[in-house]
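If you're matching them up, the sequences are chains P and U in order.
With my numbering as the guide, the letters of the first sequence map in order to residues 120 to 232.
With my numbering as the guide, the letters of the second sequence map in order to residues 37 to 150.
Even for Gly, the Cβ is constructed at its ideal location relative to N, Cα and C.
Because the structure is a prediction, the values reported are computed rather than measured.
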Amino acid sequence: NAGVTQTPKFQVLKTGQSMTLQCAQDMNHEYMSWYRQDPGMGLRLIHYSVGAGITDQGEVPNGYNVSRSTTEDFPLRLLSAAPSQTSVYFCASGLAGGRNEQFFGPGTRLTVL
Amino acid sequence: DAKTTQPPSMDCAEGRAANLPCNHSTISGNEYVYWYRQIHSQGPQYIIHGLKNNETNEMASLIITEDRKSSTLILPHATLRDTAVYYCIVRAPPIKAAGNKLTFGGGTRVLVKP
Chain P
120 NAGVTQTPKF QVLKTGQSMT LQCAQDMNHE YMSWYRQDPG MGLRLIHYSV
170 GAGITDQGEV PNGYNVSRST TEDFPLRLLS AAPSQTSVYF CASGLAGGRN
220 EQFFGPGTRL TVL
Chain U
37 DAKTTQPPSM DCAEGRAANL PCNHSTISGN EYVYWYRQIH SQGPQYIIHG
87 LKNNETNEMA SLIITEDRKS STLILPHATL RDTAVYYCIV RAPPIKAAGN
137 KLTFGGGTRV LVKP
């Protein structure tokens with residue numbers, strides 16, 4: 120299994136540009152989520168999904184959109200990038216039951232100029 | 037989910053046990069204690085979790101006090117690769133409709149020294 124994969128690893132945007140961060144998992148997990156981590160801070164939840172076709176907002180959803188058309192993929196869209204969105208973005212997936220362990224991807228480092 | 041309090045940083049000697057405390061005095065009866073760690077620039081990694089009994093796996097041991105208001109993560113023989121930020125998270129079992137969210141605090145920055 121590849122686990123949770125994220126692309127790209129690095130990205131530089133100009134203010135106002137849009138882009139999509141990709142996240143995929145091959146573990147057939149129901150739950151997927153996006154977090155952002157600002158320097159020296161803990162992770163904050165942006166959006167999450169409990170299954171294909173179902174998404175909901177987390178703690179800091181403004182400026183981001185998500186969709187979940189398949190179990191495997193959970194892309195995060197930045198509609199109009201702002202410098203405040205400069206951060207490291209982590210995608211995670213997990214099962215509904217069991218020990219509820221979540222698996223995190225390697226992250227995407229985004230800089231908005 | 038209950039709030040947790042951890043020391044911001046601690047040092048540990050390589051080869052010695054590292055004992056990481058976590059206070060969660062407002063924990064509810066159905067809430068679990070989870071530990072994750074984040075090695076520099078990487079995504080967080082699950083370590084262990086427990087409800088009331090002590091737990092051990094290949095990475096660490098988790099000791100939960102009888103009143104469940106605090107816990108200690110023990111890395112039995114710390115190595116340089118254990119240098120990371122360790123997060124203690126308290127959460128109830130996920131309800132499908134509400135997702136499997138984790139709330140990260142500041143964590144404890146552990147530096148393992150040679």
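What does a CB cutoff of less than 8 Å around residue i pick up in its chain, not counting 5 residues either side in sequence?
i: residue 149 (chain U); result: 47, 48, 49, 50
i: residue 189 (chain P); result: 171
The beta strand (DSSP E) that contains residue i, what's its start and end?
i: residue 84 (chain U); result: 81 to 86
i: residue 170 (chain P); result: 162 to 170
i: residue 128 (chain U); result: Premise fails: residue 128 (chain U) is in no beta strand (DSSP E) and is neither H nor E.
i: residue 209 (chain P); result: 206 to 213
i: residue 200 (chain P); result: Here residue 200 (chain P) belongs to no beta strand (DSSP E), and DSSP marks it neither H nor E.
i: residue 53 (chain U); result: Run containing residue 53 (chain U): none; DSSP gives neither H nor E here.
i: residue 96 (chain U); result: First-last for residue 96 (chain U): undefined, no H or E at that position.
i: residue 143 (chain P); result: 138 to 144
Pick out whichever of the options has its Cα sitting closest to the Cα of residue i.
i: residue 140 (chain P); options: P:174, P:213, P:209, P:158; result: P:209
i: residue 154 (chain P); options: P:169, P:214, P:178, P:231; result: P:178
i: residue 143 (chain U); options: U:54, U:67, U:71; result: U:71
i: residue 87 (chain U); options: U:116, U:100, U:81; result: U:100
i: residue 126 (chain P); options: P:194, P:230, P:158; result: P:194
i: residue 227 (chain P); options: P:122, P:134, P:156; result: P:156
i: residue 180 (chain P); options: P:145, P:225, P:166; result: P:166
i: residue 52 (chain U); options: U:125, U:137, U:115; result: U:115
i: residue 92 (chain U); options: U:79, U:108, U:137, U:117; result: U:108
Given a cut-off of 9 Å, decide if residue j and residue i are closer than it, judged by their beta-carbon atoms.
i: residue 110 (chain U); j: residue 96 (chain U); result: yes
i: residue 128 (chain P); j: residue 232 (chain P); result: no
i: residue 163 (chain P); j: residue 174 (chain P); result: no
Please work out which residues of its chain come closer than 7 Å, Cβ to Cβ, to residue i, disregarding the five sequence neighbours upstream and downstream, and give them in chain order.
i: residue 213 (chain P); result: 148, 150, 219, 220, 221, 222
i: residue 82 (chain U); result: 72
By DSSP, does residue i sit in helix, in strand, or in coil?
i: residue 118 (chain U); result: helix
i: residue 138 (chain U); result: coil
i: residue 184 (chain P); result: strand
i: residue 193 (chain P); result: coil
i: residue 124 (chain P); result: strand
Can you name, in chain order, every residue of its own chain whose Cβ lies under 6 Å from the Cβ of residue i, other than the five neighbours on each side?
i: residue 140 (chain U); result: 123
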